[in-house]
Amino acid sequence: RREEYIRDLIDEITAEAAEADADDEQLNIDDDDDQAARTALIAGKGARSRSGKADRLDRARECADSIDQAPPSNTDREIEKSEGVLAKKEAVYQAAYDERLARYHAWRAAPVHSRGQRPVMHPEEYPRLRAKKDVIERSRDAIAAKKAKLAAAEVAQSKTRNLTDPDSRLMKNRFGFVQGYNLQLSVSDDHVILAAETFADAVDVGLFEPMLKATAREYEAACGVEPEIGLALADAGYHSTQNLECPGPDRLLPDRQSRKLSKVDAVAEVSKSAPIQAMRERMAVPANLELYKRRGALVEPANGWVKERRGLRRFSMRGLKKVAGEAKLMAAVVNIGRLNAVRGFAATV
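Last residue of the sequence shown: 1724 in our numbering, with the numbers rising by one and none dropped.
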């Protein structure tokens, strides 16, 4: 439901509750026994009705609160970063412009100029400043176009909530779109699920760093020692400059799908971003490419067990906290089954 519907629903239920309370006060005026019994019956039905409406009102208020308190989206962060870069360019341009303008006015104010002295140009006529100004104008236009292009989709997502489960979000899968959550798994080299976290983010790119932290936290909680993660593998859906540079273990994080890695000369495609180019060069090394191929063999079997063998294609509960608990319970079940298999027990969990 859209924000307007949710807020109208809150007002409607609140008004109905106030009207029902007023009716109750009038029903309690007559002390006649028959009237008292009738009043009790009506009050009981009214209480059940109000209880259902109260639950719906609570969910509607949760929806409104989640809209008001929604964190910035990835698009908002990208635009904010672009605007920060633009502000720095504008500051550099303005400083150079002011310096040139001061020199221009000083030259114009001088009564006499030396023979052969080159005239000082106005900043608007200076080629390098004009080029910088053109870059700034193009950056402004690009940011404005990005805002205009993504505003409608962003508003539709951020201003829409599900009354049944306000924490859930509309997400795309191979079958289309579903109202749900984004389950992320961190799996060790011996197929143990180290971390199972549930998010209301539809895009994976912002979840790489939280999953690194979750993996370290769960490892330390289980083993009582600081984790020693040797190498983190993630697919192209998590690729970003921020994820390449964030604190944590060594990682292989390509900017293209694994099936394309061996077919593309990564070194020949030079990126202007140093971290991206460094990762392309690392992925061009055959040994690293072989290591990266292990990613699918590690995480996909765990995904298959969770979804197909344990039936977690659909959560049984609602609300992010409850769903997160359900996901962790399922990860524990899969890990116990894995432990049984390693120890040679015939029984499966």
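Even glycine gets a Cβ: it sits at the ideal position worked out from N, Cα and C.
Quantities reported herein were computed from a predicted structural model and do not represent experimental measurements.
Check, Outcome
"Does the Cβ of M1705 have 16 or more other Cβ atoms within 10 Å, making it buried, or fewer, making it exposed?", "buried"
"Taking all protein chains shown into account, decide if S1489 is buried (16 or more other Cβ within 10 angstroms of its Cβ) or exposed.", "exposed"
"May I have the straight-line CA-CA distance separating A1659 from L1627, to the nearest angstrom?", "11 Å"
"Assign M1692 to one of two classes, buried (16 or more other C-beta atoms within 10 Å of its C-beta) or exposed (fewer than that).", "exposed"
"In this structure, how does DSSP classify S1457 when only helix, strand and coil are distinguished?", "helix"
"To the nearest angstrom, report how far apart A1607 and K1588 are at their CA atoms.", "12 Å"
"Helix, strand or coil: how does DSSP classify V1674 here?", "helix"
"If you reduce the DSSP assignment to three classes, tell me which class V1581 lands in.", "Note on identity: in this sequence residue 1581 is Gly, with Val being the wrong assignment. The answer is helix: DSSP assigns G1581 an H, G or I state."
"Roughly how many angstroms separate the alpha carbons of K1547 and R1688, rounded to a whole number?", "14 Å"
"Are the region 1549-1559 and the region 1669-1677 touching by the rule of at least three beta carbon pairs closer than 8 Å?", "no"
"Compute the distance between the beta-carbons of M1586 and S1561, then report whether it is under 8 Å.", "yes"
"Would DSSP call G1719 helix, strand or coil?", "coil"
"Assign L1714 to one of two classes, buried (16 or more other C-beta atoms within 10 Å of its C-beta) or exposed (fewer than that).", "exposed"
"Looking only at C-alpha atoms, which of L1461, D1473, A1485 sits nearest to R1513?", "L1461"
"Can you give me the C-alpha to C-alpha distance between E1603 and A1520, rounded to a whole angstrom?", "45 Å"
"Only counting the same chain, and skipping five residues up and downstream in sequence, which positions put a Cβ closer than 6 Å to that of T1590?", "S1561, L1569, A1570"
"Which residues bound the beta strand (DSSP E) around E1572?", "1568-1574"
"State the start and end residues of the unbroken beta strand (DSSP E) segment that holds L1606.", "1606-1608"
"Quick check: what's the CA-CA separation for A1577 versus C1621?", "21 Å"
"Span of the beta strand (DSSP E) holding L1628?", "Element bounds for L1628: n/a, residue is neither H nor E."
"Here's a check: name, in chain order, each residue in its chain whose Cβ is nearer than 6 Å to the Cβ of E1701, leaving out the five neighbours to either side.", "F1690, M1692"
"Assuming F1583 contacts A1611 (C-beta within less than 8 Å), just tell me the rounded distance between them.", "11 Å between Cβ atoms; not a contact."
"Considering Cα atoms alone, identify which of A1653, S1457, H1566 is closest to D1516.", "S1457"
"Relative to the C-alpha of Y1501, which candidate in Q1492, K1668, L1476 has its C-alpha closest?", "L1476"
"Secondary structure at V1709, three-state DSSP: helix, strand or coil?", "helix"
"What does the alpha-carbon distance come out to for the pair H1566 and K1647?", "37 Å"
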